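Student: FYI, the numbering for the sequence shown is 1164 to 1442, going by my numbering. C-beta atoms are modelled at their ideal positions from N, C-alpha and C, and glycine is treated no differently. None of the values given here were measured: they were computed from a predicted structure. Okay, here's the structure, questions in a sec.
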Amino acid sequence: MVLGSAIFAFGLVNFNMRNHLAEGGVTGITLILYNLFHIDPGVSNLVLNIPLFIIGWRMLGRNVFIYTILSTACLSVFLWIFQYVIPFSFSLRHDMTLAALFAGVTIGTGLGIIFRYGGTTGGTDIIARLAFRYWGWQMGKTLFAIDACVITLSLVYLDYREAMYTLVAVFVGARVIDFIQNGAYAANAAMIISKKNSEIAKKIIEELDRSATIIPGKGGFTGQEIDVLYCVVSRSEIFRLKNIIQSVDPHAFVAVHDIHDVLGEGFTLDENKKPLFEN
1164 MVLGSAIFAF GLVNFNMRNH LAEGGVTGIT LILYNLFHID PGVSNLVLNI
1214 PLFIIGWRML GRNVFIYTIL STACLSVFLW IFQYVIPFSF SLRHDMTLAA
1264 LFAGVTIGTG LGIIFRYGGT TGGTDIIARL AFRYWGWQMG KTLFAIDACV
1314 ITLSLVYLDY REAMYTLVAV FVGARVIDFI QNGAYAANAA MIISKKNSEI
1364 AKKIIEELDR SATIIPGKGG FTGQEIDVLY CVVSRSEIFR LKNIIQSVDP
1414 HAFVAVHDIH DVLGEGFTLD ENKKPLFEN
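Here it is, written out as structure tokens:
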């Protein structure tokens, strides 16, 4: 929580505030107050979140509520530190594309770490949860609507050029958040339907040093019993996997899809090492 808040605050101060870029949610409101009335974002962030904490504490659950308070408090502290104690000079007004990319990457990284380990930054997350509970509004749509309204309000101090670069930063940040939440180890999975699945599985084990799982299936049109072979490989191995299937059964049906996170032996677990955590 502390690391994510520090990265988030660093990006907000040095790339958003220094280069006149806005942001969505409560953070975006703090930037509006800063640019119009020179109110410190660290202070306004706490003040704006306190009533939301009071309203939504029962909905978050004990652990998430504690993590959310921790993240919000750390964010305010680090906003103050990076403004007054450890200032940096990252003025990129001459290259706003670079400023938007840096803003998106740093803020997305900070939020992604916070979300991945069970915390939130309060603010609009709480509002979205309340809207879902009492009115059935989808959280994603609610968050998007709030962010859109805040960025629109930010036009009181942004020009159209800065507003467009803000959208670039928000888009990049969202992609980075997804990348960190879903996991950095991406792979491909293949579902193979063939009358020679046993032979294909044997060659996969011998040539790729990967395993495969045979799942009993049934044809929807023919009603015949048929096995489905399921195999996960790294993206660099998918071409070799296709060649193996083609060499054994050119008529095999193969469906390949992306996997965003892979855990376990052959990917994140070394069979020669003990697990990090044991009961």
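At 4 residues or longer, what runs of the alpha helix (DSSP H) sit wholly inside the segment 1336-1410?
Tutor: For the segment 1336-1410, whole alpha helix (DSSP H) runs of length 4 or above, ordered along the chain, are 1360-1366.
Student: Is the beta carbon of Ile1422 less than 7 Å from the beta carbon of Ala1375?
Tutor: No.
Student: Between the Cα of Ile1389 and the Cα atoms of Lys1359, Ile1232, Ser1410 and Ser1397, which residue gives the shortest distance?
Tutor: The shortest C-alpha separation from Ile1389 is found at Lys1359.
Student: DSSP state of Asp1288, grouped into three classes?
Tutor: helix
Student: CB-CB under 7 Å to Asn1442, same chain, minus the five flanking residues each way: which ones, in chain order?
Tutor: Residue placement at Asn1442 is poorly supported in this model, since its pLDDT is 41, which falls under 50; the coordinates still yield a value, given next. Same-chain partners within the cutoff: there are none.
Student: Would you report the Cα separation of Ile1289 and Gly1386, rounded to the nearest angstrom?
Tutor: 49 Å
Student: May I have the straight-line CA-CA distance separating Trp1298 from Ile1363, to the nearest angstrom?
Tutor: Annotation: Trp1298 to Ile1363 spans about 52 Å, alpha carbon to alpha carbon.
Student: With a 10 Å radius around its C-beta and 16 neighbouring C-beta atoms as the bar for buried, classify Phe1228 as buried or exposed.
Tutor: buried
Student: By the DSSP assignment, the alpha helix (DSSP H) with Ala1169 in it spans what residues?
Tutor: Val1165 to Gly1174
Student: Do Ala1294 and Leu1238 have their CB atoms nearer than 7 Å?
Tutor: The criterion of a C-beta distance shorter than 7 Å is not satisfied by Ala1294 and Leu1238.
Student: Given 8 Å as the limit, is there contact between the segment 1209-1225 and the segment 1254-1268, that is, 3 or more CB pairs closer than that?
Tutor: no
Student: Would you kindly check if the distance between the Cβ of Ile1378 and the Cβ of Phe1416 is under 7 Å?
Tutor: no
Student: Quick check: the segment 1260-1270 against the segment 1304-1317, are there 3 or more CB pairs under 8 Å?
Tutor: no
Student: So, is Ile1249 buried or exposed, given that buried needs 16 or more other C-beta atoms within 10 angstroms?
Tutor: exposed
Student: Report yes if the C-beta distance between Leu1242 and Pro1214 is below 7 Å; otherwise report no.
Tutor: no
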